[in-house]
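Visitor: Have a look at this one.
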Amino acid sequence: MRAIFLLGGFVGFLLSAATSFYCGRSGNRVLLDGAVGCLAGGMLFRWFWSKLTLALADAVRTKRAAQRAMEEAAAAAKATPVIPTKAR
488 MRAIFLLGGF
498 VGFLLSAATS
508 FYCGRSGNRV
518 LLDGAVGCLA
528 GGMLFRWFWS
538 KLTLALADAV
548 RTKRAAQRAM
558 EEAAAAAKAT
568 PVIPTKAR
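Under this note's numbering, think of the first position of the sequence shown as 488, with each following residue one higher.
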């Protein structure tokens with residue numbers, strides 16, 4: 488989680504500082520914009536990462552539940568005796 492926050496902060500700083508520099512702002516303003524972008528990028532990446540991990544965990548739980556249901560259905564099919572009916 489820490490690495491994602493740091494990566495998001497780095498990306499946010501680079502994007503906002505580069506944009507500010509490209510717009511022709513002063514050096515102080517470029518650093519201020521970079522600092523705000525760093526915080527926003529870090530929080531955004533952290534939020535996105537938490538949503539991604541929750542979605543992956545949910546997918547794993549769903550897959551395991553489906554696998555268990557298939558195994559139980561296969562076991563029930565093997566255990567159920569077939570009673571032949573008389574043909575007339």
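Glycine included, every Cβ here is placed at the ideal spot set by N, Cα and C.
By the DSSP assignment, the alpha helix (DSSP H) with residue 491 in it spans what residues?
Guide: 489-509
Visitor: Work out the CA separation of residue 496 and residue 532 for me, nearest whole Å.
Guide: 8 Å
Visitor: Could you spell out where the alpha helix (DSSP H) holding residue 572 opens and where it closes?
Guide: Premise fails: residue 572 is in no alpha helix (DSSP H) and is neither H nor E.
Visitor: Please state the DSSP three-state secondary structure of residue 537.
Guide: helix
Visitor: Spell out a yes or no on whether the stretch 491-509 and the stretch 517-530 are touching, meaning 3 or more CB-CB pairs, one atom from each, closer than 8 Å.
Guide: Short answer: they touch.
Visitor: Quick one: what does DSSP say residue 548 is sitting in, helix, strand or coil?
Guide: helix
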